[in-house]
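Residue numbers (the numbering used here), protein chains in the order written: chain G, 27 to 400; chain H, 630 to 733.
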Amino acid sequence: MLCGGAAAIAFMVTLGTSSWTTEAAAKGRAEWKTEYSRPGEVPFPEENPYTAEKSALGHKLFFDPRLSGSDYISCGTCHNPSFSWGDGLPTGFGHKMTKLGRRTPTILNSAWGELMMWDGRFESLEEQALGPMGAEAEMNQQLDSIVEELAAIPGYRTLFNMAFPADGLTIENIGKAIATYERTIVSGIAPFDRWIAGEESAMSSAAKRGFDLYNNKANCVACHAGWNMTDSGFHDIGLPDDDIGRGNVLKNVVKMQHAFKTPTLRNIVQRAPYMHDGSLGTLKEVIDHYSDGFTRRDSLSDEMKPLKLSEDEKADLLAFLLTLEGADPMVAAPILPANDQVPGAWLKRLSPAAGGKAETPECRTARLHLRRCK
Amino acid sequence: MRLLSIVIVLVFGFAANTTAAEVAVTQKGRKFSEKKIELGVGGSIKFINDDDVTHNIHSTTKGHAFDVGAQKPGQTIVHTFDKAGKVKLRCAIHPKMKIKVTVK
Ligand SMILES: [Cu+2]
Chain G
27 MLCGGAAAIA FMVTLGTSSW TTEAAAKGRA EWKTEYSRPG EVPFPEENPY
77 TAEKSALGHK LFFDPRLSGS DYISCGTCHN PSFSWGDGLP TGFGHKMTKL
127 GRRTPTILNS AWGELMMWDG RFESLEEQAL GPMGAEAEMN QQLDSIVEEL
177 AAIPGYRTLF NMAFPADGLT IENIGKAIAT YERTIVSGIA PFDRWIAGEE
227 SAMSSAAKRG FDLYNNKANC VACHAGWNMT DSGFHDIGLP DDDIGRGNVL
277 KNVVKMQHAF KTPTLRNIVQ RAPYMHDGSL GTLKEVIDHY SDGFTRRDSL
327 SDEMKPLKLS EDEKADLLAF LLTLEGADPM VAAPILPAND QVPGAWLKRL
377 SPAAGGKAET PECRTARLHL RRCK
Chain H
630 MRLLSIVIVL VFGFAANTTA AEVAVTQKGR KFSEKKIELG VGGSIKFIND
680 DDVTHNIHST TKGHAFDVGA QKPGQTIVHT FDKAGKVKLR CAIHPKMKIK
730 VTVK
């Protein structure tokens with residue numbers, strides 16, 4: 027009977043006793059605190075180790091709008107450091123102001139991530155970086171031509187040769203440089219970190235009670251675990267929209283329908299509105315959602331239980347979430363390599379609409395002053 | 630057949646990383662107790678959820694794809710590997726949890 031290729035699989039489920047529940051509940055504040063110490067260093071993958079040259083180059087590429095088809099949108103347009111590397115919008119805008127389907131996630135602490143995007147469709151930051159440039163709705167850049175376009179900028183040729191002595195400017199190396207820069211973006215020390223390190227006065231008693239709720243009654247820790255407040259996992263938390271998220275990638279796994287990646291809660295106050303669809307405006311609304319506002323369905327995470335928090339408990343939990351805002355370093359807008367001064371090359375670059383046709387001197391002057399010309 | 634494999638496991642113990650009829654793997658602290666496992670064809674892995682959250686082991690390896698579905702804390706699931714090959718397993722909920730299984 028079980029002889030078809032795909033059917034050559036069998037599994038058995040048995041229910042055991044679960045003594046773990048009582049153990050977990052017995053864990054006190056001091057014990058929970060040990061699970062939140064910050065890591066000593068940023069992990070870089072063996073295939074793409076850190077170098078200062080790569081990171082500096084990645085910083086420029088990240089903020090360079092010339093990576094987009096319109097020469098108008100950079101990674102930093104949507105992943106804006108002023109909004110903790112998001113855009114402050116329910117869902118962002120891309121090429122020609124196309125409204126995007128999902129909210130821009132932060133790239134903060136992505137060095138510790140596993141799969142990228144709300145639905146985890148990319149395996150690494152390197153792979154991810156090349157995604158938005160090619161996406162019509164986001165940056166609408168032809169990936170083949172990006173290498174050519176960057177190669178036309180003398181400063182970039184030099185920077186790529188310094189960062190990648192073996193092969194210089196290639197499409198893979200664009201991804202590697204951007205990924206290296208992204209891994210250096212780490213949330214700063216927050217009052218919560220100072221409290222974990224032993225400074226009792228760094229947090230109010232309300233926030234400390236909020237920490238207890240986070241780990242016990244409110245059970246946020248079931249998914250937002252560890253110093254970065256995420257399990258890097260995928261869960262359906264019962265938001266009512268139609269987007270099936272991770273279900274697009276793992277079509278047959280019940281629990282992945284409507285599942286999205288658990289975001290970090292570091293600096294969370296700076297990133298409203300919340301969720302993959304930007305549907306919850308404030309942290310108060312988020313807490314109400316978890317308390318008992320979520321949609322029940324088969325895919326709903328087993329970790330989602332109605333919490334029935336009192337108003338005081340909700341206030342304590344909010345006080346705790348606010349202690350996760352760090353003293354992050356200022357981010358400099360990098361000086362970008364200048365366009366080539368050879369007139370033909372730079373006219374063509376700046377005037378894609380002209381299709382590279384020669385521009386009259388009058389039109390050029392008009393364009394540079396942001397006026398039209400016929 | 631299953632009875633036999635249980636007996637073998639009892640005699641030789643739950644030695645992981647060796648060719649065995651059944652290897653036990655625990656899931657605790659969102660980690661698998663093993664990273665690599667070698668099995669003979671027809672061998673199986675007994676997954677024990679010793680954690681306080683639900684897991685969901687699956688594989689998308691071509692020709693070996695499977696999904697055991699949601700596995701609650703305290704549950705045990707046995708999965709049998711009937712074909713030779715290299716199979717990558719992952720927890721769908723926690724993709725950092727990965728195991729490479731070589732079936733010979
Ligand atoms: Cu898991």
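Note that beta-carbon positions come from the ideal geometry of N, C-alpha and C, so glycine has one too.
- Using 8 Å as the cut-off, classify the Cβ of Q167/G as near or not near the heavy atoms of ligand 1, replying yes or no. Taking the first residue of the first sequence as 1, we reach residue 167/G at position 141. Result no, Cβ not under 8 Å from ligand 1.
- Query: Are L134/G and S213/G close, meaning C-beta to C-beta below 9 Å?
  - Reply: The sequence position of residue 134/G within the first sequence is 108, counting from 1. The sequence position of residue 213/G within the first sequence is 187, counting from 1. Against a cut-off of 9 Å, the Cβ pair of S213/G and L134/G comes out as a contact.
- K717/H in three-state terms, based on DSSP: As a working mapping, residue 717/H is identified with position 88 in the second sequence. If DSSP states are grouped into helix, strand and coil, K717/H belongs with the strands.
- Item | Proximity test, C720/H beta-carbon vs ligand 1 heavy atom, cut-off 8 Å | Taking the second sequence and counting its residues from 1, one reaches residue 720/H at position 91. The answer is yes for C720/H.
- So T103/G and G304/G are in contact, right, with Cβ under 8 Å, and what is the actual spacing, rounded? Sequence index remark: in the first sequence, residue 103/G carries index 77 (1-based). Sequence index remark: in the first sequence, residue 304/G carries index 278 (1-based). Incorrect: roughly 17 Å between the Cβ atoms, too far for contact.
- Alpha-carbon to alpha-carbon, E208/G and S71/G: For the purposes of this step, residue 71/G is identified with residue 45 of the first sequence, where counting begins at 1. For the purposes of this step, residue 208/G is identified with residue 182 of the first sequence, where counting begins at 1. Note on identity: in this sequence residue 71/G is Pro, with Ser being the wrong assignment. The straight-line gap from Cα to Cα measures roughly 13 Å.
- Message: Just to confirm the assignment: which complete beta strand (DSSP E) runs, minimum length 3, are found wholly within the segment 663 to 719 of chain H?
- Response: 665 to 678, 686 to 688 and 704 to 710
- Task: Check the Cβ-Cβ distances between A721/H and every residue of chain G, and say whether any is below 9 Å.
- Result: The count along the second sequence starts at 1 and reaches residue 721/H at position 92. It does; some Cβ of chain G falls within 9 Å.
- Message: Taking the beta carbon of Q283/G as the centre, do at least 16 other beta carbons fall within 10 Å, making it buried, or is it exposed?
- Response: Here residue 283/G refers to the residue found at position 257 of the first sequence. By the 10 Å Cβ count, Q283/G comes out buried.
- Message: Let's see if you can read the secondary structure: which residues bound the beta strand (DSSP E) around V730/H?
- Response: To locate residue 730/H, count along the second sequence from 1; it is residue 101. Where V730/H is concerned, the enclosing beta strand (DSSP E) stretches over K727 to V732.
- Item | N187/G versus L169/G, L344/G and A82/G, residue with shortest Cα-Cα distance | On the first sequence, position 161 is the one that residue 187/G refers to. That would be A82/G, whose Cα lies nearest to the Cα of N187/G.
- Message: The alpha helix (DSSP H) that contains D113/G, what's its start and end?
- Response: Within the first sequence, numbered from 1, the residue matching residue 113/G stands at position 87. Where D113/G is concerned, there is no enclosing alpha helix (DSSP H), given that its DSSP letter is neither H nor E.
- Query: Whose C-alpha, out of F710/H, A694/H, Q704/H and V654/H, is nearest the C-alpha of V682/H?
  - Reply: Counting from 1 along the second sequence, the entry for residue 682/H is found at position 53. Checking every option, the nearest Cα to that of V682/H belongs to Q704/H.
- Message: Does the beta-carbon of R659/H, which I'm using as the reference point, lie nearer than 8 Å to any heavy atom of ligand 1?
- Response: Here the question's residue 659/H lines up with position 30 in the second sequence. The answer is yes for R659/H.
- Express the C-alpha separation of K657/H and Q700/H in angstroms, rounding to a whole number. Start at 1 with the first residue of the second sequence, and residue 700/H comes out as number 71. Start at 1 with the first residue of the second sequence, and residue 657/H comes out as number 28. Computed Cα separation, rounded: 13 Å.
- Task: Would you check if there are 3 or more beta carbon pairs closer than 8 Å linking the segment 224 to 235 of chain G to the segment 275 to 290 of chain G?
- Result: no
- Beta-carbon neighbours of G698/H, restricted to chain G and to distances below 7 Å: Counting from 1 along the second sequence, the entry for residue 698/H is found at position 69. Residues of chain G passing the Cβ test: V280.
- Nearest-angstrom Cβ-Cβ length linking C2/G and T288/G, presumed shorter than 8 Å: An answer regarding residue 2/G cannot be provided, because it is not within the stretch 27 to 400 covered by chain G.
- Item | Alpha-carbon spacing of G194/G relative to G352/G, whole angstroms | Position 168 of the first sequence, counted from the first residue, corresponds to residue 194/G. Position 326 of the first sequence, counted from the first residue, corresponds to residue 352/G. Answer to the nearest angstrom: the Cα atoms are 37 Å apart.
- Message: Tell me which residues share the same chain as D680/H and place their Cβ nearer than 8 Å to its Cβ, disregarding the 5 neighbours each side in the sequence.
- Response: Translated into the one-based positions of the second sequence, residue 680/H becomes position 51. So the qualifying residues of the chain are Q656, K657, G658, R659 and P702.
- Taking just the CA atoms, how far does S108/G sit from A359/G? The residue you call residue 359/G lines up with position 333 of the first sequence. The residue you call residue 108/G lines up with position 82 of the first sequence. Straight-line Cα distance between these residues: approximately 11 Å.
- Item | Any C-beta of chain G under 9 Å from that of T731/H | As a first step, residue 731/H is located in the second sequence; it is residue number 102 there, counting from the start. Cβ-Cβ to chain G under 9 Å: no for T731/H.
- Message: For G201/G and K334/G, I'd like the C-alpha separation in whole angstroms.
- Response: As a position in the first sequence, residue 201/G is number 175, starting the count at 1. As a position in the first sequence, residue 334/G is number 308, starting the count at 1. Whole-angstrom Cα-Cα distance: 46 Å.
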